[in-house]
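A short worksheet on the structure shown next.
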Amino acid sequence: MKKQIIDTHVHIWNLQKARYQWLEGDTSILNRTYQLEELLPEMERTPVAAGVLVQAANHIADTDLMLEAARAHDCIAGVVGWLPLADPVQTAQLLETRFLREPYFKGVRHLIHNEADPAWLLQPAVLESLRILALYNIPYDVVGIHDEHLQTAITVAEKIPSLRLVLDHLNQPPIKDRQRFGTWGELMKQAAANGNVYAKISGLGTASGHPEAWAADDILPYVRYALETFGADRCFLGGDWPVSKLAGSYARHWEMYTGIINGLLRGPEAAQVFYGNAARFYNVEVAIVQH
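Start counting the sequence shown at 2; every next residue gets the next number (the numbering used here).
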């Protein structure tokens, strides 16, 4: 098997070491500790060569947990961590004293979808922090779940055009409503007008509206739309483990994604979506090997 994919969206969390407020009261399979060692045997059975760990809580403890895992496992290429963006002075201090010298620190994210204000990113202090990220060429992951989040991302891109942004999970396309493509589609076009905005094809099984029975045909139109809108040079893939377990196994997700991409794109373009774009966006190097 050719190991040719960078999985740009892997989560881990440890309920004994950090607090994850969004899991408190959750009755699903997600409300327990998930460590990287649990995923590794599954990853071996897929074309995934390496992963990027992505923050799951708005505090440094979560980032430290991910960095510790990255140092311990060669299959992790980088970490998208958290910074206190509402405090630009502290953000700058943490970067200068810790994270700029940390080789695995490759990006930043904040759980904006858990904030009451969908325009949380547009606060002056947060924008100042995002400008600091742009200055250091550190990309930002936007985890939006509705149109207001997408509009906010568009405004951020307009205000800070040098900041590289990626829209996690395609900002929740209207798959369950079978809408083609409505307000989401128009906003995605606006977002794509900025060449520094990327699209992360991830989390679509859980976004389908029927995670127990979703199929490739359910998500194919939205993946095709993302590729047509952003181009094959600004899209990449993420598995969203362990959240993806709500919609089936890790291997099943990658079977879906690879089948769709190989059906839509020719070899060199598919390789960009599988590997090249993610390596460039997160500034990581991963060996592509034949197993």
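Every residue, glycine too, gets a C-beta built ideally from N, C-alpha and C.
Original post:
Could you give the distance in angstroms between the alpha-carbon of T153 and the alpha-carbon of R99?
Top reply: For the purposes of this step, residue 153 is identified with residue 152 of the sequence shown, where counting begins at 1. For the purposes of this step, residue 99 is identified with residue 98 of the sequence shown, where counting begins at 1. Their Cα atoms are separated by approximately 29 Å.
Original post:
Helix, strand or coil: which one does DSSP assign to G186?
Top reply: Counting from one through the sequence shown, the residue named residue 186 turns up at place 185. It is helical.
**OP:** Compute every distance between the C-beta of G183 and the non-hydrogen atoms of the ligand ADP, then say whether any falls below 7 Å.
**Re:** Among the components modelled here there is no ligand, and therefore nothing to report on the ligand ADP.
**OP:** Between the Cα of A93 and those of L151, T34 and I139, spot the shortest distance and give me the residue it belongs to.
**Re:** In the sequence shown, residue 93 corresponds to position 92, counting from 1. When L151, T34 and I139 are compared, the shortest CA-CA separation from A93 is found for I139.
Original post:
Hey, how far is the Cα of G145 from the Cα of H211?
Top reply: Here residue 145 refers to the residue found at position 144 of the sequence shown. Here residue 211 refers to the residue found at position 210 of the sequence shown. Rounded to whole angstroms, G145 to H211 spans 20 Å at the Cα level.
Original post:
Under a Cβ-count criterion, where at least 16 other Cβ atoms within 10 Å of its own Cβ denotes burial, should P174 be classed as buried or exposed?
Top reply: As a first step, residue 174 must be located in the sequence shown, where it is residue number 173. Buried, since its Cβ has 16 or more Cβ neighbours within 10 Å.
Original post:
Exposed or buried, what is L101 when buried is set at 16 or more other beta-carbons lying within 10 Å of its beta-carbon?
Top reply: Looking up residue 101 in the sequence shown gives position 100. Flag for L101 reads exposed.
Original post:
Going along the chain, which residues of its own chain have a beta-carbon closer than 6 Å to the beta-carbon of V198, five neighbours each way excluded?
Top reply: Residue mapping note: residue 198 aligns to position 197 of the sequence shown, counting from 1. Once the five neighbours on either side are set aside, the close Cβ partners of V198 are A158, L166 and A192.
Original post:
Just checking my contact of L40 with Y251 at CB under 8 Å: how many whole Å lie between their CB atoms?
Top reply: For the purposes of this step, residue 40 is taken as residue 39 along the sequence shown, with counting starting at 1. For the purposes of this step, residue 251 is taken as residue 250 along the sequence shown, with counting starting at 1. Their Cβ separation, rounded to whole angstroms, is 7 Å, which keeps L40 and Y251 in contact under 8 Å.
Subject >> Beta-bridge pairing of G196 - partner residues as DSSP gives them >> reply: Here the question's residue 196 lines up with position 195 in the sequence shown. Under DSSP, G196 takes part in no beta bridge, so it has no partner.
Original post:
By Cβ distance below 7 Å, which residues in the same chain neighbour V55 in space, the five residues on each side in sequence not counted?
Top reply: Sequence index remark: in the sequence shown, residue 55 carries index 54 (1-based). So the list reads H10, V11, H12, V81, R110 and D142, once near-sequence residues are dropped.
Original post:
Hey, out of A216, A194, R281 and G26, whose CA is closest to K177's CA?
Top reply: For the purposes of this step, residue 177 is taken as the residue at position 176 of the sequence shown. For K177, the nearest C-alpha among the options comes from A216.
Original post:
What did DSSP end up calling K246 once you bin it into helix, strand or coil?
Top reply: By 1-based counting over the sequence shown, the position of residue 246 is 245. Helix at K246.
**OP:** Compute the Euclidean distance between the alpha carbons of A200 and C236, then round it to the nearest angstrom.
**Re:** Start at 1 with the first residue of the sequence shown, and residue 200 comes out as number 199. Start at 1 with the first residue of the sequence shown, and residue 236 comes out as number 235. As the crow flies, the alpha-carbon of A200 is around 5 Å from that of C236.
Subject >> Those residues which DSSP pairs with S203 across a bridge >> reply: In the sequence shown, counting from the first residue as 1, residue 203 sits at position 202. Beta-bridge pairing links S203 to G239.
Original post:
Taking Cβ to Cβ, would you say I6 is nearer than 8 Å to L238?
Top reply: Against the sequence shown, residue 6 aligns to sequence position 5. Against the sequence shown, residue 238 aligns to sequence position 237. In this structure, the beta-carbon distance from I6 to L238 falls below 8 Å.
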